[in-house]
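Take the sequence shown: its position 147, counting from 1, is numbered 764 in my numbering, and each next residue is one higher. So the structure is just underneath, and the comments pick up after that.
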Amino acid sequence: MITSEKYLLYILGVNKEQLDYLLTHIEDYYYSFERVKFNKFTDKPKKNSSGEIATRQINSSKGKLKEVQTRLYDFMSKQVEIPQYVYGGVLRKNNVRNARLHQGNKYIFTTDLKSFFPSISHKQVFQMFLREGCTPAIARILTKLTTHKYQVPQGIPTSTLIANLVFKPIGMEIDQLAKEHHIKFSMFVDDITLSSKVDFKNLVPQFLAIIKKSGFRISHKKTHYQTKNPIITGVICQNNRLLAPLGYKKKIAILSKQLSTHESIKNKLQGIKAYLSIIEKSSSL
Numbered sequence: 618m619i620t621s622e623k624y625l626l627y628i629l630g631v632n633k634e635q636l637d638y639l640l641t642h643i644e645d646y647y648y649s650f651e652r653v654k655f656n657k658f659t660d661k662p663k664k665n666s667s668g669e670i671a672t673r674q675i676n677s678s679k680g681k682l683k684e685v686q687t688r689l690y691d692f693m694s695k696q697v698e699i700p701q702y703v704y705g706g707v708l709r710k711n712n713v714r715n716a717r718l719h720q721g722n723k724y725i726f727t728t729d730l731k732s733f734f735p736s737i738s739h740k741q742v743f744q745m746f747l748r749e750g751c752t753p754a755i756a757r758i759l760t761k762l763t764t765h766k767y768q769v770p771q772g773i774p775t776s777t778l779i780a781n782l783v784f785k786p787i788g789m790e791i792d793q794l795a796k797e798h799h800i801k802f803s804m805f806v807d808d809i810t811l812s813s814k815v816d817f818k819n820l821v822p823q824f825l826a827i828i829k830k831s832g833f834r835i836s837h838k839k840t841h842y843q844t845k846n847p848i849i850t851g852v853i854c855q856n857n858r859l860l861a862p863l864g865y866k867k868k869i870a871i872l873s874k875q876l877s878t879h880e881s882i883k884n885k886l887q888g889i890k891a892y893l894s895i896i897e898k899s900s901s902l
């Protein structure tokens, strides 16, 4: 992919001095904060198992580093091969198209990779860049530009792409096993879905073993084997149509009542209606 420093500098849009400065002062280009997790239907903060308000650690980049990461993302997204099963962070794919892939299949297994981004180490990222054709020297530079505190941060331009590529060998193994048994497989960021017209419950332990042997963990509370109207990446997947969860309609009703007194709600309301329209159009394709 990238085998010379000259080509790397061209891709990143910097000179040697600028790159060296970035690598030496990289901590200065990050800022961290806790983002509260909200219920998407009620807008109320979620609670964790201890009863405290649930938060997610965000590590965002800024300034020249963010520019460099964006340029790297633009380059890699055109140069590297993204597996067909990937639906997150890919142009013209989204959570609705991901759900639609499984429409019409009776048996559906869903699970979630726990702490997906922070569970990916800088060593895994380095190995990924080597697999994608970078020299060791270039791979070390790219690893430093795309990891923070020895892991993939949640909140920078390259995070989803890097995570998809690190998971690629595991995903391809899952995909191969799925194809052997005529099972559909897709991945939307950290959400994994497998589906078939025939019962494959006896194969689920094999799929989970592939994930676990690679060092990734699943969220047991988000792991389900279903046969009736499952929710796949936020969309209800019925045999002949896709539906938005009822909570969205309730939220529209609540926001509509508040619209007369809170003009700022207008954009949020329009966004929800536009999303529901996407689901409706995808269902009729």
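Yeah, the Cβ is synthetic: ideal placement off N, Cα and C, and Gly gets one too.
{"query": "Can you grab the Cα-Cα spacing for the pair Ile670 / Lys874, in whole Å?", "result": "27 Å"}
{"query": "To the nearest angstrom, how far is the alpha carbon of Lys867 from that of Gly851?", "result": "15 Å"}
{"query": "Just list the residues that DSSP pairs Gln771 with in beta bridges.", "result": "Paired residues: none, contrary to the question."}
{"query": "In this structure, does DSSP put Lys814 in helix, strand or coil?", "result": "coil"}
{"query": "Under 6 Å Cβ to Cβ from Glu790, same chain only, skipping five residues before and after it: list those, please.", "result": "Ile827"}
{"query": "On the CB-based measure, 16 or more other CB atoms within 10 Å of its CB, does Ala861 come out buried or exposed?", "result": "buried"}
{"query": "Is DSSP giving Ile849 helix, strand or coil here?", "result": "strand"}
{"query": "Going by DSSP in three states, Asp729 sits in which element: helix, strand or coil?", "result": "strand"}
{"query": "Are three or more beta carbon pairs between the stretch 720-730 and the stretch 755-774 nearer than 8 Å?", "result": "no"}
{"query": "Taking the alpha-carbon of Gly772 as reference, which of Phe817, Ile800, Lys683, His798 has the nearest alpha-carbon?", "result": "Lys683"}
{"query": "Which residues mark the beginning and the end of the beta strand (DSSP E) in which His841 is found?", "result": "841-843"}
{"query": "Who are Asn676's beta bridge partners in DSSP?", "result": "Ser649"}
{"query": "Do Ser776 and Tyr704 have their C-beta atoms within less than 8 Å of each other?", "result": "no"}
{"query": "Could you check which residue in Lys695, Gln741, Glu622, Ile896 has the C-alpha nearest to that of Ile848?", "result": "Ile896"}
{"query": "Find the nearest neighbour of Ile619 within the set Gln741, Gln701, Met745, judged by alpha-carbon distance.", "result": "Met745"}
{"query": "Measure the alpha-carbon distance for Ser894 versus Ile809 and round it to whole angstroms.", "result": "24 Å"}
{"query": "Beta-carbon within less than 7 Å of Asn632's beta-carbon, same chain only, minus the 5 sequence neighbours each way: which residues are those?", "result": "Leu626"}
{"query": "Helix, strand or coil for His739 per DSSP?", "result": "helix"}
{"query": "Measure from the alpha carbon of Ser812 to the alpha carbon of each residue in Tyr842, Lys829, Asp637, then state which is nearest.", "result": "Tyr842"}
{"query": "With 16 other CB atoms within 10 Å as the buried threshold, where does Gly788 fall?", "result": "buried"}
{"query": "Measuring only the C-alpha atoms, how far is Met693 from Ile882?", "result": "37 Å"}
{"query": "What number of angstroms, rounded off, separates the C-alpha of Thr641 from the C-alpha of Phe655?", "result": "37 Å"}
{"query": "Can you tell which of Leu863, Tyr865, Asn846, Gly864 has its C-alpha closest to the C-alpha of Asn856?", "result": "Asn846"}
{"query": "Is the beta carbon of Pro700 sitting closer than 8 Å to the one on Asp816?", "result": "no"}
{"query": "Tell me which residue opens and which closes the alpha helix (DSSP H) that Lys866 is part of.", "result": "863-875"}
{"query": "On the DSSP bridge assignment, give the partners of Val697 in chain order.", "result": "Its beta-bridge partners do not exist; DSSP assigns none."}
{"query": "By the three-class DSSP mapping on this structure, what secondary structure does Met804 have?", "result": "strand"}
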